[in-house]
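Colleague: Below is a structure I'd like to ask you about.
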Amino acid sequence: MTDPHLSIVIPIYRNADHLTPLNKRLVKTLLKINPHFEIIYVCDGSPDNSWLKIQELATSDCRVKGINFSQNYGQQSAILAGLSSVKGMWVIVMDGDLQDQPEDITILYETAINDAKDIVVRRRINRKDSIFTKLTSALYYRVYNFLIDDIKYDGATGNFGIYSQKVIRAINQFKEDDPSFAYYAKMVGFSKKYIDIEQNFRESGNSSYTFSKRLALALNYFISHSTKPIKIMIGFGLCISVISVVTGLIFIYRYYEYGVSIEGWTSIAVLLFFQTGLITFFLGMIGLYVSKIFLQSKNRPHYIVQETINLENEIRNF
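If you want it as structure tokens, here you go:
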């Protein structure tokens, strides 16, 4: 059997209603590019009947393949599970809610071939998200870009893009806790290009990324991918130490030069409480880093696969 030229990886969570039209549009688009392709749906412990829909599609078309997690492990783990089993020379990663339009794959593919790029990522224009989603997303990326040392994100980009086989091989070497596909795609280098494509409306349902999930995700990524908080703590602590020494020298000078006694127990108590609070906060931040190291040392899998369909080799838990 000929290996596929194109592989499509789609994480699925509460997308049962989208799967049939999504798959139909995907097949129609991919046939125009190359008849040899595979579509890999990764069901991320979805509580609806998404896995049943995937099984139906895979039963009627061997080019459709499925991976079903034992429970919800998150979008990033679902993407990595799909990437671990792709065989195509080119890999497209996209969402399953039809905001990423299948027809745009043609533009991504042609750009990668004609411009000789290993990575071509869609930059969203005229986003159809709610105002709240846009604001929280903008805030997230602004803080992220401040805290992350070596990688800068454009909030208008996402996962939707095409990636060469060598890029995927490089990404599959990462074994970190709290995986991030977009972060890895930036880290591995290779030639990149961003193209502006309008984002579609969500066909139905709401995003699974609630505000609380965004906050939790942001905290995990900051701790996992950045050492800047530690550097900020060191700098802040150094500033407080310098200010304390200078203040102490001023008090000593005033006492010996002018006989001014040191008074103000209230201000001293407030200062002590302030410093105690800072120390507690910084210890908590350090504790988060230590806990990440502890969890990483356990080498727990990022996901557990319950079953697969139309995949020749069983997917290993990762």
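Going by the working numbering, the first residue of the sequence shown is number 1, and it counts up by one from there.
Ideal Cβ placement from N, Cα and C applies to all residues, glycine included.
Bear in mind that the values here come from a model prediction, so they are computed numbers and not experimental data.
(1) Looking only at DSSP bridge pairs, what is Val64 linked to?
(2) Excluding the five sequence neighbours on either side, which residues of its own chain have a C-beta within less than 8 Å of the C-beta of Asn49, listed in chain order?
(3) So, helix, strand or coil for Asn34, using DSSP?
(4) With 16 as the cutoff for other CB atoms within 10 Å, does Gln306 come out buried or exposed?
(5) Could you tell me which of Ile10, Thr2, Val188, Tyr253 sits nearest to Arg322, measuring between CA atoms?
(6) Leaving out five residues before and five after Phe282 in sequence, what residues of the same chain have Cβ atoms less than 6 Å from its Cβ?
(7) Considering Ser7, what are the terminal residues of the beta strand (DSSP E) in which it resides?
(8) Apart from the five residues on each side of it in sequence, which residues of its chain come closer than 6 Å, Cβ to Cβ, to Pro374?
(9) Can you list, in chain order, the residues of its chain whose CB lies under 8 Å from that of Ser46, leaving out five sequence neighbours each side?
(10) Any chance the stretch 97-113 sits against the stretch 158-168, with 3 or more Cβ pairs inside 8 Å?
(11) At what residues does the alpha helix (DSSP H) containing Glu257 begin and finish?
(12) Here's a check: name, in chain order, each residue in its chain whose Cβ is nearer than 6 Å to the Cβ of Asp3, leaving out the five neighbours to either side.
(13) Please report the straight-line C-alpha distance between Phe181 and Phe251, rounded to a whole angstrom.
(14) Compare the beta carbon distance of Leu52 and Ile33 with 8 Å and say whether it is the shorter of the two.
(15) With H, G and I counted as helix, E and B as strand and the rest as coil, what does DSSP make of Gln173?
(16) Would you list the residues sitting across from Lys192 in a DSSP beta bridge?
(17) Taking Cβ to Cβ, would you say Val120 is nearer than 8 Å to Lys193?
(18) Which residue comes first and which comes last in the alpha helix (DSSP H) that contains Ile105?
(19) Across which residues does DSSP place Gly161 in a beta bridge pair?
(20) Taking buried to mean at least 16 other C-beta atoms within 10 Å of its own C-beta, is Ser244 buried or exposed?
(21) What span of residues does the beta strand (DSSP E) with Ile309 cover, start to end?
(22) Could you spell out the range, first to last residue, of the alpha helix (DSSP H) harbouring Gln75?
(23) Please list the terminal residues of the continuous alpha helix (DSSP H) segment that includes Lys87.
(24) What distance in whole Å lies between the Cβ atoms of Lys65 and Ile304, which are believed to be in contact at a cut-off of 8 Å?
(25) Quick one: grab the DSSP three-state call for Glu198.
(26) Closest to Ile58 by CA distance: which of Ala81, Leu31, Lys24 is it?
(27) For a quick check, are the C-beta atoms of Ile8 and Thr111 less than 8 Å apart?
(28) List the residues that DSSP assigns as beta-bridge partners of Phe281.
Modeller: Here's the rundown:
(1) Ile39
(2) Ala16
(3) coil
(4) exposed
(5) Limits of the chain in this structure are 1 at one end and 318 at the other, which puts residue 322 out of reach.
(6) Met233
(7) 6-12
(8) Here the chain has residues from 1 to 318 only, and residue 374 is not among them.
(9) Ile12, Tyr13, Arg14, Asn15, Ala16, Asn72
(10) yes
(11) 228-258
(12) Lys87
(13) 55 Å
(14) no
(15) coil
(16) Ile119
(17) yes
(18) 105-114
(19) Val93, Val121
(20) exposed
(21) 305-309
(22) 75-83
(23) No alpha helix (DSSP H) contains Lys87, which DSSP labels as neither H nor E.
(24) Not confirmed; about 18 Å, so no contact.
(25) strand
(26) Going by the sequence as given, residue 58 is Ala instead of Ile. Taking only the C-alpha atoms, the option nearest Ala58 is Lys24.
(27) no
(28) Per DSSP, none; premise fails for Phe281.
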